[in-house]
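Please read the structure below before turning to the comments.
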Amino acid sequence: MKRPSLGAVLLGLIPFAATCFSVGLWDRVYPMVFGLPFNFFWLIAWLLLTPLCMWGAYRLEVSRGADDDRAGSGAR
Amino acid sequence: MGFVARFHHKMDLEQWTVGGRGFGLVLVWLLMAGEIYTTFTFLGASGWAYSRGGPVLYILGYLPLMYVVSFYILPPIWEVGRMHGLQTQADFFQVRYRSSFLAAFVALVGVVCLIPYLQVQITGLGLIVEVASFGGIDRTPAMIIAFALVGAFVFVSGVRGVAWASIVKDLLLLLAAVFVGFAVPRVYFGGIGPMFAALARAKPAHLVMPGATKDLGHGWYITSVLLTSFGCYMWPQFFAASFTARSGRVLRRNAVIMPLYGITMPLMFIVGLCAVLVLPDLGNGDLSLLTIVRKSFPAWFLGLVGGAGALTAMVAAAIQLLAGATLYAKNLWRPIVAPGMTDQQVARLAKIMVLILTSGALFFAIHSSISLVSLLLVGYAGVAQLFPGVVLGLFSRRVTAEGVFVGLVTGLSIAMFLMLTGQDPYRGLNAGFIALCFNFGATGVVSLLTPVRVAGFDKAVPSIAAPQSGKGVGPTV
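Chains as they are written, first to last, in the numbering used here: chain U, 1 to 76; chain W, 1 to 477.
Take a look at the structure:
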């Protein structure tokens, strides 16, 4: 199978670094943001930021011609 | 709705299991969301927020990450699926490693791990009916009636019906989650912010890890998030859902947007956390959401929330039954007991299996009582052990059937030993994750010691499902 490109993998590692390995840095109550404890706020923010990273990875993979198929209707 | 879906499509095994491989972005999205947001979301997440506190955040941690993992592995899996006409997860092992024995073993692992997951749904349904009827209906008859309905539904409509039923349940669940998540803190505290402020004053330790537990700290969080995000798409039903997509690109786009759907999850946590202050003496955390809704709103509203929860459980259970039954009939029974079976006979056997699996899970649900999250963790630890075989199978040419088998057995033995002897978490780490590390090690070592017979996916190998509908099946090179 064609492996994903290095750039796409690096983009995917960002959410892992931010929400998994760094838990010791953000697992705290204060400072509260928007009335949420900091750890809740941080993880909710990454629900929104992860799609951004993966959108970048998607663009990379599409421009590389990964999963070209009959139904691939992307204009790019 | 699901029953209607049947009339538009001729039902052979291909249609029943993978919807003829014609699902676009919206249907695949719904199907995957339908599978991933289960009763566990609804009752388990609020239950853990109530009883454990901070450690519940692991759910919010793995949610986006499992889609990140899916971005890399589902499109190639889909491609292999189209190339060889795959319908189940075990089919994948069959074409990659060309070993019916390994495929049958994978099917067995899948079916066995599905039982605790099904049990989660049944137990959830029972809790809902019990609370929503104010104790008027016993849990056992409620579970039996609900499951008879689910069984009948799957029996008749297959995967397309399930995807459409998902729409109704997603809408209901979304509305219920948003309303309850905002309204409950408003009723008791005047809003989400003041609720957190009150909780941070009264019980600050409850909001961070390890919360109300002794051993669910940061090490446990990291290992659990990794295990769950790697393991999630190893569930046979999620794995097989990727075959329903129209293209690999649909799956990638799906992986990009799915994390947004997780936004209902923190709302469930919030309800559970409100209950910490409002209902401090609840025996069973899994009841916290329903009890607080019952206490705060009129009875008809509890009915609506209960209905959304019940429908969620039923859709999830339907998908699990469909996957389990097909796996059993196609990859365990046919190769071992009756190799001459036609696809029609396999489809018939799969439908009988739906009934048997339903009864089995019902039996366990009636005779045991563990918390919803704990049940799910056992299944995850088991099913995640399939990860090395899938990922190395996709991206490495050196991995062998023997390596995968030894790794799988090693991982399963370690996971089961640690969990059954009550040593999960083990030294502050998730037992399933420890097992997965040994699994990877054993797979690698044994693969290097055994000769490579199959080094990837061979386009020349004929499709393993005899194509009958002729639509989108078989090699299209």
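Note that CB positions come from ideal geometry on N, CA and C, so glycine has one too.
Shown in chain order are the members of the region 263-284 of chain W whose Cβ falls below 7 Å from a Cβ of chain U: Ile263 and Pro266. For U/Leu43, the nearest CB of chain W lies under 8 Å from its own CB, placing it at the interface with that chain. Here W/Ala310 is buried: its Cβ has 16 or more other Cβ atoms, across all protein chains shown, within 10 Å. DSSP places W/Lys295 in the uninterrupted alpha helix (DSSP H) bounded by Ser288 to Ser296. Here the C-alpha atom of W/Phe155 lies approximately 15 Å from the C-alpha atom of W/Ala316.
Cβ-Cβ distances below 7 Å link W/Val354 to Gly151, Val154, Phe155, Leu321 and Ala325 in the same chain, with the five nearest sequence neighbours on each side left out; the list follows chain order. DSSP places W/Tyr426 outside any alpha helix (DSSP H), giving it a letter other than H or E. Counting along the chain, W/Ser242 sits inside no alpha helix (DSSP H), nor does DSSP assign it H or E at all. Interface residue (Cβ-Cβ distance to chain W less than 8 Å): U/Leu47 is classified as such.
At a cut-off of 8 Å between C-beta atoms, U/Pro15 counts as an interface residue with respect to chain W. Every alpha helix (DSSP H) stretch that sits fully inside the region 37-89 of chain W and reaches 4 residues is listed by chain position as 45-51 and 57-84.
When the five nearest sequence neighbours on each side are left out, the beta carbons in the same chain lying within less than 6 Å of the beta carbon of W/Met314 are those of Val150, in order along the chain. Exposed is the label assigned to W/Thr342, since fewer than 16 other Cβ atoms lie within 10 Å of its Cβ.
By the criterion of a C-beta distance shorter than 8 Å, W/Tyr188 is surrounded in its chain by Met195, Cys274, Leu277, Val278 and Ser296, once the five residues flanking it on both sides are discounted. Contact with chain W is found for U/Pro51, since one of that chain's Cβ atoms lies less than 8 Å from the residue's Cβ.
Taking 8 Å as the cut-off, the Cβ atoms of W/Gln89 and W/Val111 do not count as close. Looking at the backbone, the Cα of W/Lys214 and that of U/Leu36 are separated by about 24 Å. Under the Cβ criterion of 8 Å, W/Phe71 is counted among the residues facing chain U. Taking CB atoms only, W/Met209 has a neighbour in chain U less than 8 Å away. Contact between U/Thr19 and U/Trp55 is absent: CB atoms are separated by about 17 Å, not below the 8 Å threshold. Taking the Cα positions, W/Ile192 is about 7 Å away from W/Phe182. Pairing W/Gly135 with W/Val129, the inter-Cα distance amounts to about 8 Å.
Out of W/Trp48, W/Ala350, W/Met66 and W/Gly211, the CA that lies nearest to the CA of U/Thr50 is found in W/Met66. Exclusion of the five residues before and after W/Cys232 leaves Met66 as the residues of its chain whose Cβ lies within less than 6 Å of its Cβ.
Going by C-alpha positions, W/Met83 is about 24 Å away from W/Trp333. Residue nearest to W/Thr358 within the set W/Phe147, W/Pro388 and W/Val180 is W/Phe147 (criterion: CA-CA distance).
DSSP places U/Leu36 in the strand class (E or B) of the three-state scheme.
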